[in-house]
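Residue numbers (this note's numbering), protein chains in the order written: chain A, 1 to 490; chain B, 1001 to 1307.
We treat Cβ as the ideally placed atom computed from N, Cα and C, and that holds for glycine.
All figures in this text were calculated on a predicted structure; none of them were measured in a lab.
Read through the structure below, which is laid out as structure tokens, and then see the notes.
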Amino acid sequence: MAFLEIRGLSKTFPGATALDGVDLSAEGGEVHALVGANGAGKSTLMLVLAGVLSPTAGEIRLAGVPVAFSTPRAAMEAGVSIVYQETSALPEMTVAENIFLGREPTTRLGLVDRRRLYEETRRLLDRYHLPLDPAAQVGRLTVAGQQLVEIARALSIAARVLILDEPTAVLSLAEQRNLFDIIAGLRGPRLLILYVSHRLEEIFTIADRITVLRDGRKVTTVATADLRQADLVRLMVGHEVRERVPLPAPAGAPPLLEARLTGNPPRLEVRGGEILGFAGLVGAGRSRLGRSLAGLDPIDLRLDGRPVRLRSPADALAHGIVYLTEDRKREGLFDNLSVLVNATAAALPSLSRFGVVRLAVERRAGAAILERLRLVARSLAAPVRELSGGNQQKVIFGRALLCRPRILVCDEPTRGVDVGAKDEIYDLLLELARQGVAIVLISSELKEVLALSHRVLVMRDGAAVREFTGGEANEQDVLLAAMGSLPGAA
Amino acid sequence: MRLTDRGIYWVLATVLAAAGLIPEFRSLGNLANVATQSAALAVLALGQTFVILCGLIDLSVGQLTGLIVVLVCDVAAGRDAMTAPVLLLALGLGAGSGAITGLLNNRLRIHPLILTFGTMSVLQGIVFTYTDRSVGRAPAAIAWLADGRLLGLPVAPLLVLLLAAGAHVTLTRTRFGMHVHAVGGGRDNARRAGIDTDRVAATVFVISGVSASIGGLLVAGRLGVGYPHAGAGFELDAIVAVVLGGTSLTGGRGSVAGTVAAVLLLGLTNNVLNLLQISSFIQMLVKGLIVIGAILVNQPGGRRAFA
């Protein structure tokens, strides 16, 4: 009987299956890594275990006893707690106050027993060798220190299953090494550590066994010692046939857009009619680069070979650079406004005379572009929030196209979009390229980047690490570059 | 250089030193007077400290104070036998109004600024429907509470000190107090830590309501009659005092001592300007500048405190 036994666990969201009959068994005393590419189901599995999401089907047993966690609190009480990637410690309070928040020891008078609070914290920190001062104010600690506070808090609540979600994402190298020492010190026969990460080096450093997920299914569980890095990547990628759409050849002209990069290659270039894909793991810095190309952070560029400084999105628009956000809900759409207003919002100067919008012209322009995108909506006057994800994305595309982009930067253009709309968006991007638009395509879906891009730029930890041209890119090499290879491994 | 949380004490010390140059100011009688006059505002500001620390705001306390002043005087009509009943009436009304505000806050999830603006308006309507002129008379015991002396010391400032000490211990030494800080510092994180954030929010509104009860009794005692305009503007003065005292408007950080110091600063400023016989319009102007200046030195990070 395994310490943690998961059988047939499934989780479906409207329109998507995040987990599909996952089995997993893990023992007390081990560090068990969960790995998979973006969207493989790691996060969902973890959130189900922590009681944040409830599963659609399947069973979880802890030390042989079936458990159903309806809330994070129930999971904690059963002995499972989770340390999230972003810190949730309260900055104005001390380490001890944070660790025992909601469970403060009190005196007989009902006052908080500060002496015991600090003593118990000290004992906890000593027991797990966590280098923290109980009286320190959390807001003054480094990010690494704040993370240790959360680990201490998790251990003080529940010391049976500790889930760490990409704990190194926010840490420096020295802090990472320190964290690995701490994790090694935590190991004990009655504690299972589930370690979620997509960084190969660290998995090989600290995990005893690895469970690989792909497309919501479990691929396998293997002992780390029996595995080479290249094998792990192959397990993550699978052997699916890759479809390639024939790409239109880009113009042989000089680059339309050039920008300096940190890393290798040191420069980014896109020509008219060319699609440049950005690949990398979540948090690799692709979106940040995309946003600065769109003027959201000040940046120096060369457009048509001439130096240009962008200070704002308005500057970028004036130069024909149009940006499509990855988060259309929060950064893109005006939820309560009509489909038409959402589509024409960025192009109003060209649709008005003397500062007054010409309503008929606006309506014709909006209707034409949305028809071209095959938008399905009750009416152009309907609020945009009523539309499906795919149709909302089309509205955002319509807004971009009305600005007549020369350079289109699109971040996750098919996120939360159904399969049919996805194909339409792919066709649209290819069509735009054919018309001579330079396109920067940022996507976490490797297949999408590979199928659509003339060249693929891979980023890791905020820097460019490699550029693949034309047909030389394949999933395995790109993923390997995105994750960073283990020194000395095959 | 930036003056941090301690800024208010420096400002207070500076104003005290400057005021010390005025001979009339230095008399003990005058100082006791300042403390007594500031007592009602101090009590309201103590209640508001809980609310703002918790990341909320309560605009209803001014009109609640007015309602209590009117009712206490009208019901008592100067009879000493009515002292105990009107005390209970005042406390019950404050606590009840706070409880309703808290309940609405938790149920409706309207921003507390708007919600309590609404309750403020309702209370104001009630006051002026009840009466548009001064009514009744405060019993002697309540007048003594507001303006009397105990062993030669003014009673109202003593009461404020007592309440301030209680508020300080509650906020720094009890689980509830820590939870107020936690909810103000990060409501979702507090909930994830298993804190009943709705109960904490409801409780701080009740505390704020009770602070209006006590404030109302003090105002009633000082005025002697139920003047319907008595509470107007009190809520803003209380909020200004709390923020001047270094409590972050977004919650999670602040102190009772800072609030008390800020109330004293406001009271002293008024007193000094009066002694200098400066016109009340110029007083408003000077007071506004002092508030803005004091907040600049007192709120760490300046504007960030309001972001």
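Exposure of residue 107 (chain A), with buried meaning 16 or more beta-carbon neighbours within 10 Å: Locating residue 107 (chain A) in the first sequence gives position 107, where the first residue counts as 1. Classification for residue 107 (chain A): exposed.
If we count the other Cβ atoms within 10 Å of its Cβ and call it buried at 16 or more, is residue 1133 (chain B) buried or exposed? Position 133 of the second sequence, counted from the first residue, corresponds to residue 1133 (chain B). Its Cβ having fewer than 16 others within 10 Å, residue 1133 (chain B) is exposed.
Using 8 Å as the limit for Cβ to Cβ distance, is residue 90 (chain A) near chain B? Along the first sequence, one-based indexing puts residue 90 (chain A) at 90. Judged by the 8 Å Cβ criterion, residue 90 (chain A) is in contact with chain B.
Endpoints, beta strand (DSSP E) assigned at residue 1107 (chain B): Counted from its first residue, the second sequence places residue 1107 (chain B) at position 107. From DSSP, residue 1107 (chain B) is part of no beta strand (DSSP E) but of the alpha helix (DSSP H) over 1083-1108.
Run through DSSP, which three-state label would residue 474 (chain A) get? Sequence index remark: in the first sequence, residue 474 (chain A) carries index 474 (1-based). If DSSP states are grouped into helix, strand and coil, residue 474 (chain A) belongs with coil.
To be precise: take each residue of the segment 1142-1174 of chain B, compare its Cβ to all Cβ atoms of chain A, and keep it if any distance is under 8 Å. Which residues remain? 1169, 1173, 1174
Note down, one range per segment and in chain order, each alpha helix (DSSP H) of at least 4 residues found wholly within the segment 128-176 of chain A. 143-157
Measure the alpha-carbon distance for residue 242 (chain A) versus residue 447 (chain A) and round it to whole angstroms. Counting from one through the first sequence, the residue named residue 242 (chain A) turns up at place 242. Counting from one through the first sequence, the residue named residue 447 (chain A) turns up at place 447. Interpretation of residue 242 (chain A) is limited by its pLDDT of 44, a score under 50 that renders its predicted location unreliable; no figure is taken from the coordinates.
Under the three-state DSSP convention, the category residue 80 (chain A) falls into: Residue numbering aside, residue 80 (chain A) sits at position 80 when the first sequence is read from its first letter. Strand, per DSSP.
Return the chain-ordered ranges of every alpha helix (DSSP H) run that is complete within the segment 28-96 of chain A and spans a minimum of 4 residues. 42-49, 72-78
Could you tell me whether the Cβ atoms of residue 393 (chain A) and residue 417 (chain A) are closer together than 8 Å? Walking along the first sequence from the start, residue 393 (chain A) turns up at place 393. Walking along the first sequence from the start, residue 417 (chain A) turns up at place 417. In this structure, residue 417 (chain A) lies closer than 8 Å to residue 393 (chain A) by Cβ.
Close Cβ partners of residue 302 (chain A) (< 6 Å) along its chain, the five nearest in sequence each way excluded: Position 302 of the first sequence, counted from the first residue, corresponds to residue 302 (chain A). Around residue 302 (chain A): 258.
Where residue 1235 (chain B) and residue 1061 (chain B) are concerned, what is the direct C-alpha to C-alpha distance, given to the nearest angstrom? Position 235 of the second sequence, counting from 1, holds the residue named residue 1235 (chain B). Position 61 of the second sequence, counting from 1, holds the residue named residue 1061 (chain B). So the two alpha carbons sit approximately 6 Å from each other.
Cut-off 7 Å between Cβ atoms - residues of its own chain near residue 240 (chain A), not counting five sequence neighbours on either side: Locating residue 240 (chain A) in the first sequence gives position 240, counting from the first residue. No answer about residue 240 (chain A) holds up, because its pLDDT of 49 lies below 50 and its placement is not dependable.
Suppose contacts are defined by Cβ-Cβ distances below 8 Å. Is residue 62 (chain A) in contact with residue 1185 (chain B) by that definition? Here residue 62 (chain A) refers to the residue found at position 62 of the first sequence. Here residue 1185 (chain B) refers to the residue found at position 185 of the second sequence. No, the pair does not count as a contact, with Cβ atoms beyond the cut-off.
Would you list the one or two residues that DSSP bridges to residue 252 (chain A)? Numbered from 1 along the first sequence, position 252 holds the residue referred to as residue 252 (chain A). DSSP output for residue 252 (chain A) lists no bridge partner at all.
Does residue 1052 (chain B) get closer than 8 Å to chain A when you measure Cβ to Cβ? Position 52 of the second sequence holds residue 1052 (chain B). Not an interface residue.
When the Cα atoms are used, what is the spatial distance from residue 1232 (chain B) to residue 1128 (chain B)? On the second sequence, residue 1232 (chain B) is found 232 positions in, with the first residue counted as 1. On the second sequence, residue 1128 (chain B) is found 128 positions in, with the first residue counted as 1. Going by the C-alpha atoms only, they are around 12 Å apart.
Distance cutoff 8 Å, beta carbons only. Does residue 1229 (chain B) sit that close to anything in chain A? Indexing the second sequence from 1 puts residue 1229 (chain B) at position 229. Chain A contact via Cβ: absent.
Alpha carbon of residue 1025 (chain B) to alpha carbon of residue 1275 (chain B), nearest angstrom: Translated into the one-based positions of the second sequence, residue 1025 (chain B) becomes position 25. Translated into the one-based positions of the second sequence, residue 1275 (chain B) becomes position 275. The straight-line gap from Cα to Cα measures roughly 7 Å.
Pairwise C-alpha distance: residue 31 (chain A) and residue 194 (chain A): Working through the first sequence from its first residue, we reach residue 194 (chain A) at position 194. Working through the first sequence from its first residue, we reach residue 31 (chain A) at position 31. Looking at the two C-alpha atoms, the distance is approximately 6 Å.
Closest Cβ-Cβ distance between residue 1187 (chain B) and chain A: below 8 Å? Translated into the one-based positions of the second sequence, residue 1187 (chain B) becomes position 187. It does not: the Cβ of residue 1187 (chain B) has no partner Cβ on chain A nearer than 8 Å.
Beta-carbon gap between residue 408 (chain A) and residue 233 (chain A) smaller than 8 Å: For this step, residue 408 (chain A) is matched to residue 408 along the first sequence. For this step, residue 233 (chain A) is matched to residue 233 along the first sequence. Contact: no.
Could you have a look at residue 188 (chain A) and say whether DSSP puts it in helix, strand or coil? As a first step, residue 188 (chain A) is located in the first sequence; it is residue number 188 there, counting from the start. Strand, per DSSP.
Strictly below 7 Å CB to CB, what residues from chain B border residue 73 (chain A)? As a working note, residue 73 (chain A) is residue 73 in the first sequence. Neighbours of residue 73 (chain A) on chain B, chain order: 1194.
Which of helix, strand or coil DSSP assigns to residue 10 (chain A): In the first sequence, counting from the first residue as 1, residue 10 (chain A) sits at position 10. Residue 10 (chain A) falls in the strand class under three-state DSSP.
Start-to-end residues for the alpha helix (DSSP H) that takes in residue 1073 (chain B): Along the second sequence, one-based indexing puts residue 1073 (chain B) at 73. First-last of the alpha helix (DSSP H) with residue 1073 (chain B): 1061-1076.
Measure from the C-beta of residue 1111 (chain B) to each C-beta in chain A and report whether the shortest distance is under 8 Å. What you label residue 1111 (chain B) is simply residue 111 of the second sequence in a count that begins at 1. For residue 1111 (chain B), the answer is no, since every Cβ of chain A falls outside 8 Å of its Cβ.
Can you say whether residue 74 (chain A) is buried or exposed, counting buried as having 16 or more other CB atoms within 10 angstroms of its CB? Here the question's residue 74 (chain A) lines up with position 74 in the first sequence. Answer is exposed; the Cβ neighbour count stays below 16.
Which residues in the same chain have their Cβ closer than 7 Å to the Cβ of residue 524 (chain A), if we skip the five residues on either side of it in sequence? Residue 524 (chain A) lies beyond the stretch modelled for chain A, which goes from 1 to 490, so this question has no answer here.
8 Å Cβ cutoff, residue 1199 (chain B) in contact with chain A: Residue 1199 (chain B) sits at position 199 when you count from the first residue of the second sequence. It does not; no Cβ of chain A falls within 8 Å.
So, using beta-carbon positions, are residue 458 (chain A) and residue 482 (chain A) closer together than 8 Å? As a first step, residue 458 (chain A) is located in the first sequence; it is residue number 458 there, counting from the start. As a first step, residue 482 (chain A) is located in the first sequence; it is residue number 482 there, counting from the start. Yes, these two residues count as a Cβ contact at 8 Å.
Select from the segment 104-131 of chain A all residues with a C-beta closer than 7 Å to any C-beta belonging to chain B, and list them in chain order. 104, 106, 110, 111, 112
Quick one: does residue 150 (chain A) have its CB under 8 Å from some CB of chain B? Here residue 150 (chain A) refers to the residue found at position 150 when the first sequence is read from its first residue. Not an interface residue.
List the residues that DSSP assigns as beta-bridge partners of residue 19 (chain A). On the first sequence, residue 19 (chain A) is found 19 positions in, with the first residue counted as 1. Bridge partners of residue 19 (chain A): A:11.
Does the beta carbon of residue 1120 (chain B) sit closer than 8 Å to a beta carbon anywhere in chain A? As a first step, residue 1120 (chain B) must be located in the second sequence, where it is residue number 120. With 8 Å as the cut-off, residue 1120 (chain B) does not count as an interface residue toward chain A.
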